[in-house]
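Participant: In terms of my numbering, the sequence shown opens at residue 1 and continues consecutively.
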Amino acid sequence: MSSQDIPEENLPAERAADQHAHAHGDVSVPDEKHPFADPGLPPHEHRIQDIDERAAKRSERTVALLFTLSMLATVGFIASFVTIPADRIVYIFPLGHISGLNFALGMTLGLALFCIGAGAVHWARTLMSDEEMADERHPIAAEPEVKAKVLADFKQGAKESALGRRKLIRNTMFGALTLFPLSGIVLLRDLGPLPEDKLRHTLWSKGKLLVNMNTDEPLRPSDVAVGSLTFAKPEGLEEHDHDFQTEIAKAALMIVRLQPENIKDKQELEWSHEGIVAYSKICTHVGCPISLYEQQTHHVLCPCHQSTFDLSDGARVIFGPAGHALPQLRIGVNDEGYLEAHGDFEEPVGPAFWERG
Numbered sequence: 001m002s003s004q005d006i007p008e009e010n011l012p013a014e015r016a017a018d019q020h021a022h023a024h025g026d027v028s029v030p031d032e033k034h035p036f037a038d039p040g041l042p043p044h045e046h047r048i049q050d051i052d053e054r055a056a057k058r059s060e061r062t063v064a065l066l067f068t069l070s071m072l073a074t075v076g077f078i079a080s081f082v083t084i085p086a087d088r089i090v091y092i093f094p095l096g097h098i099s100g101l102n103f104a105l106g107m108t109l110g111l112a113l114f115c116i117g118a119g120a121v122h123w124a125r126t127l128m129s130d131e132e133m134a135d136e137r138h139p140i141a142a143e144p145e146v147k148a149k150v151l152a153d154f155k156q157g158a159k160e161s162a163l164g165r166r167k168l169i170r171n172t173m174f175g176a177l178t179l180f181p182l183s184g185i186v187l188l189r190d191l192g193p194l195p196e197d198k199l200r201h202t203l204w205s206k207g208k209l210l211v212n213m214n215t216d217e218p219l220r221p222s223d224v225a226v227g228s229l230t231f232a233k234p235e236g237l238e239e240h241d242h243d244f245q246t247e248i249a250k251a252a253l254m255i256v257r258l259q260p261e262n263i264k265d266k267q268e269l270e271w272s273h274e275g276i277v278a279y280s281k282i283c284t285h286v287g288c289p290i291s292l293y294e295q296q297t298h299h300v301l302c303p304c305h306q307s308t309f310d311l312s313d314g315a316r317v318i319f320g321p322a323g324h325a326l327p328q329l330r331i332g333v334n335d336e337g338y339l340e341a342h343g344d345f346e347e348p349v350g351p352a353f354w355e356r357g
């Protein structure tokens, strides 16, 4: 419906006067100083919402519905993130087999954003003022009169936005804008699982046998020769286990046999068996696996950054960037003559972390 179809007496007084002025061609004419005429603004056409409060209410309810859908989509996003397993695969035509979690997150997040945008656009196009106002160019430095005019225009715009009068729109918009950022907060959970105390414990426990990494057989003291380097894992940890890499990264052992009289550290000697010592294979710098051993010096070397540890003196750091000694595992022999652990490491293995006590 255009303004030509609306009786003038049904229009707001100021808008009827404005239309009357435009209808009479209130424009400038060209002269020597201003060779180009100002064509003026076209006659303003009122929207149906400007003259029919029922239409305005319908638009208000539409905007509120869009904001409400955004809130529901945000709730759906959070629910999907919490309830749908990350490895669940679903078939969706025509996309095929895709991650159910990614699809749900994308759809709900997209819907939440779209509804906020669509609601704002519909609000602006149907309920906010759409009258065009021409303003003459003025110097950059604002005069007091200009500042007063800007403030008055702002107040007028705020009034015409009907934000205070259209409480349903205001409340649902605030609700949508308040809930939507929760999506980003929930995503912070995927920065990584909470470590809890997992970094402080490994699979080693009292009675666990030391199993040779190469032969997959339990080790006897006779299997470890003086000057040799042997790598071991906990009994029961197999390469086909789904968490093998995670667990071996904490539980990997290197076993060296020294002459008991060559062991300088008292605790190291107590925790060994007939000169056989077991230390974490994981370098305390950045977690590289240690694999180089010097028989004459009893030093082990990390190949990544050359951190060097003295296995005859509590595996203390004698060179390189590593921050502390390698953790030692207390070992002994069971009734069947196999090497076994007497517990877990007394301190966390691998690189230092800020929670470390």
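The beta-carbon is built from N, C-alpha and C at its ideal position, and this holds for glycine as well. Note that the structure is predicted; figures quoted are calculated from it, not measured.
(1) Which term fits A352, buried or exposed, when burial requires 16 or more other beta carbons within 10 angstroms of its beta carbon?
(2) Please determine if the region 243 to 259 and the region 199 to 214 are in contact, where contact requires at least 3 C-beta pairs separated by less than 8 Å.
(3) Quick check: what's the CA-CA separation for A225 versus I255?
(4) Just tell me which of K264, D38, I282, S222 has its CA closest to the CA of K233.
(5) Between A341 and K208, which are expected to be in contact by the criterion C-beta below 8 Å, what is the C-beta distance as a whole number of angstroms?
(6) Decide if P327 is buried, meaning its Cβ has at least 16 other Cβ atoms within 10 Å, or exposed.
(7) Short check: CB of L127 to CB of R166, under 8 Å?
(8) Relative to the C-alpha of I78, which residue among S183, E160, K149 is closest?
(9) Using a Cβ-Cβ cutoff of less than 6 Å, which residues in the same chain neighbour E346 once the five nearest sequence positions on both sides are dropped?
(10) For L258 versus G275, is the C-beta distance shorter than 8 Å?
(11) How is A352 classed by DSSP in three states: helix, strand or coil?
(12) Provide the residue(s) that pair with F319 in DSSP beta bridges, ordered along the chain.
(13) P85 to R125, Cα distance in whole Å?
(14) Check whether the region 102 to 122 touches the region 69 to 78, counting contact only when three or more Cβ pairs, one atom from each stretch, lie closer than 8 Å.
(15) Would H97 be called buried (16 or more neighbouring beta carbons within 10 Å of its own) or exposed?
(16) What's the call for R330, buried or exposed, on a 16-neighbour Cβ count within 10 Å?
(17) Within 10 angstroms of the Cβ of Y389, are there 16 or more other Cβ atoms? Answer buried if so, exposed if not.
(18) Looking at the unbroken beta strand (DSSP E) that takes in F231, where does it start and where does it end?
(19) On the criterion of 16 or more Cβ atoms from any shown chain inside 10 Å, does F244 qualify as buried, or is it exposed?
(20) Please tell me whether, using a cut-off of 7 Å, the distance from the CB of V224 to the nearest non-hydrogen atom of the ligand NAP is below it.
(21) Have a look at P12 and P35 and give me their C-alpha separation to the nearest angstrom.
(22) Could I get the ranges of all uninterrupted alpha helix (DSSP H) runs contained in the region 47 to 90, with 4 residues as the minimum, in chain order?
(23) Assign P218 to one of three DSSP states: helix, strand, or coil.
(24) Taking all protein chains shown into account, decide if S291 is buried (16 or more other Cβ within 10 angstroms of its Cβ) or exposed.
Facilitator: Looking at the coordinates:
(1) Walking along the sequence shown from the start, residue 352 turns up at place 352. Exposed.
(2) As far as the Cβ criterion goes, the region 243 to 259 touches the region 199 to 214, which means the pair count is three or higher.
(3) By one-based count along the sequence shown, residue 225 stands at place 225. By one-based count along the sequence shown, residue 255 stands at place 255. Separation of A225 and I255 (C-alpha to C-alpha, rounded to the nearest whole angstrom) is 10 Å.
(4) If you number the sequence shown from 1, residue 233 lands on position 233. If we check each option's Cα against that of K233, I282 comes out closest.
(5) The residue given as residue 341 occupies position 341 in the sequence shown. The residue given as residue 208 occupies position 208 in the sequence shown. Indeed, because the Cβ distance is near 5 Å, the residues count as touching under 8 Å.
(6) The residue given as residue 327 occupies position 327 in the sequence shown. Answer is buried; the Cβ neighbour count reaches 16.
(7) By 1-based counting over the sequence shown, the position of residue 127 is 127. By 1-based counting over the sequence shown, the position of residue 166 is 166. Contact: yes.
(8) Start at 1 with the first residue of the sequence shown, and residue 78 comes out as number 78. For I78, the nearest C-alpha among the options comes from S183.
(9) For this step, residue 346 is matched to residue 346 along the sequence shown. Correct list: empty, nothing qualifies.
(10) Against the sequence shown, residue 258 aligns to sequence position 258. Against the sequence shown, residue 275 aligns to sequence position 275. Yes, the pair counts as a contact, with Cβ atoms nearer than the cut-off.
(11) Within the sequence shown, residue 352 is the residue found at index 352, counting from 1. Looking at A352 - three-state DSSP - the assignment turns out to be coil, as it is neither helix nor strand.
(12) By 1-based counting over the sequence shown, the position of residue 319 is 319. T308.
(13) Reading the sequence shown from its first residue, position 85 is the one you call residue 85. Reading the sequence shown from its first residue, position 125 is the one you call residue 125. Spanning the two alpha carbons is a distance of roughly 42 Å.
(14) Using a Cβ-Cβ distance cut-off of 8 Å, the region 102 to 122 and the region 69 to 78 are in contact, since at least three pairs of beta carbons, one from each stretch, lie closer than that value.
(15) If you number the sequence shown from 1, residue 97 lands on position 97. Counting every other CB atom within 10 Å of its CB across the protein chains shown gives H97 a total below 16, marking it as exposed.
(16) Numbered from its first residue, the sequence shown carries residue 330 at position 330. Buried is the label assigned to R330, since at least 16 other Cβ atoms lie within 10 Å of its Cβ.
(17) This structure cannot speak to residue 389, because the chain is shown only from 1 to 357.
(18) For the purposes of this step, residue 231 is taken as the residue at position 231 of the sequence shown. The continuous beta strand (DSSP E) containing F231 extends over residues 229 to 234.
(19) Mapped onto the sequence shown, residue 244 falls at position 244. By the 10 Å Cβ count, F244 comes out exposed.
(20) Among the components modelled here there is no ligand, and therefore nothing to report on the ligand NAP.
(21) In the sequence shown, residue 12 corresponds to position 12, counting from 1. In the sequence shown, residue 35 corresponds to position 35, counting from 1. Bear in mind that a pLDDT of 48 at P12, under 50, signals an unreliable position, so the model cannot answer this.
(22) Scanning the region 47 to 90 from its first residue to its last, the whole alpha helix (DSSP H) runs of 4-plus residues come out as 48 to 51, 53 to 83.
(23) Start at 1 with the first residue of the sequence shown, and residue 218 comes out as number 218. Taken through DSSP and simplified to helix, strand or coil, P218 comes out as strand.
(24) Here residue 291 is taken as the residue at index 291 of the sequence shown, counted from 1. Exposed, by the Cβ-count rule.
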